[in-house]
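Engineer: Under my numbering, the first residue of the sequence shown carries the number 22, and numbering increases by one thereafter.
Just so you know, even glycine gets a beta-carbon here, dropped at the ideal spot from N, CA and C.
Structure incoming, see below.
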Amino acid sequence: VDFTICVDLFGSCCVYQIMIARTIKQLIEGTDEISNEGNPSLRQLVAMLLVPCVLLCMITTLKYLAPFSLAADVIILLVASSTIYYAVKHQKISPFDFPVFKTIPGLFEFMGVCVFSMEGVGVTLAIENSMEDPKKIALVLCGGMAVVVGIVMTVGFFGYWGFGERSKSPVTLNFPLEPFPIALKVLMAVMVYVTFALNFWIPFDLVWYYIKRRYEESGYWIWQRVWRALIVFLITVIAVIFPAVTKFIGLIGSFCLSSMGFMFPAFIELCLDWEDPGLGLCKWRLWKCIIICIFGAILCVVGTYINAKELIKEVFYES
């Protein structure tokens, strides 16, 4: 479980770096099209984010990041509202004219991107440990994920309706190059930058639990920062090698969230409910967990294969 959480959230950090770099590239070039080439190239811009991200990740206390997270939530609501406005303004056909899906591989790419929105589940571990009443974590989780799913559905639906097959990620890249949309693009980049630190904090806390055993307690202060810088460097290297943001999102979603969001919870629930309250009438709890695990396993195997294949194809063969 710890390994999956680390891959998920460190992988999300890679995605965030690519999103920031794509936004900066569009603002520099002043064009709607975003390519990997140019001067500076997308990979160069990702590499330039190394130092700012290292400095941000030197913040070792979660409570200092919380106010910035609240500001980021306000920005994302503003972006979601703007997506609706620009989508309605630019839409040319009815949403009912779009096909449900075109190909089976495309369906699994879509599913990988969708379940990626659950990556914030891993952050709730630190929230639960910091709560005055940890028993209310279920309420926080249900309420928070309901808001996340609502925003993702809104941005996804209106983004695809308004901008179609040429829709870019993050969604603000589809907005026109005018004063207010440009301000939104900048705010979006800042929000993602802050979210990078939040997502980095959780998996590093897990990694540090195992690493710190190798050092004396007196050296924790310096070694923790050394390892933070080293891991951010590795994250940046991966983002430089694979700057295809949509395929990267699909890969992380398929590989990590299929297990962390479906298989692991179903298995744990089954183990806890086996004796009390039991499997229920006709063993419905058992069948429910089996179905969820099968769905998660199919998404993990097929989705990971398809998204990894498309990621390698886009990065190394179509660039």
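Between Leu160 and Met166, what straight-line distance do the alpha-carbon atoms span, to the nearest angstrom?
Structural biologist: One C-alpha to the other measures close to 10 Å.
Engineer: Quick one: what's got a C-beta closer than 6 Å to Thr267's C-beta in the same chain, skipping five residues either side?
Structural biologist: Cβ neighbours of Thr267 beyond the five flanking positions: Ser190.
Engineer: Going by CA-CA distance only, name the one from Val67, Ile45, Tyr236, Met139 that's closest to Asp29.
Structural biologist: Residue Met139 is the option with its Cα nearest to Asp29.
Engineer: Based on Cα-Cα distance, which residue from Asp118, Leu219, Phe179 lies nearest to Leu86?
Structural biologist: Measuring from the Cα of Leu86, the nearest candidate turns out to be Leu219.
Engineer: Return the CA-CA distance between Ile346 and Arg64, expressed in angstroms with no decimal places.
Structural biologist: Past the boundaries of the shown model lies residue 346; the chain is included only from 22 to 340, so the question cannot be answered.
Engineer: Could you name the residues of the same chain whose beta carbon sits closer than 6 Å to that of Leu194, not counting the 5 residues immediately before and after it, in chain order?
Structural biologist: So the list reads Gln47, once near-sequence residues are dropped.
Engineer: Measuring straight from C-alpha to C-alpha, what distance separates Val142 and Leu278?
Structural biologist: Taking the straight line joining both Cα atoms gives about 9 Å.
Engineer: Rounded to the nearest angstrom, how far is the Cβ of Ile180 from that of Ala93, given a contact under 8 Å?
Structural biologist: Per the sequence shown, residue 180 should be read as Gly rather than Ile. Not confirmed; about 19 Å, so no contact.
Engineer: Rounded C-beta distance between Val36 and Ile273? I'm assuming under 8 Å.
Structural biologist: With a Cβ gap of about 7 Å, Val36 and Ile273 count as contacting.
Engineer: Determine whether the beta carbon atoms of Cys27 and Val253 lie at a separation below 9 Å.
Structural biologist: Taking 9 Å as the Cβ cut-off, Cys27 and Val253 do not qualify as a contacting pair.
Engineer: If you drop the 5 nearest sequence neighbours on each side, which residues of the same chain put their C-beta closer than 8 Å to that of Gly59?
Structural biologist: Taken in chain order, the residues that qualify are Lys46, Glu50.
Engineer: Is there contact here, the region 237–255 with the region 70–88, by at least three beta-carbon pairs under 8 Å?
Structural biologist: Touching, yes.
Engineer: Please report the Cβ distance between Gly183 and Gln112, rounded to the nearest whole angstrom; I am assuming they are in contact, meaning their Cβ atoms lie under 8 Å.
Structural biologist: Indeed they touch by this definition, with Cβ atoms about 5 Å apart.
Engineer: I need the DSSP call for Leu70, collapsed to helix, strand or coil.
Structural biologist: Three-state result, Leu70: coil.
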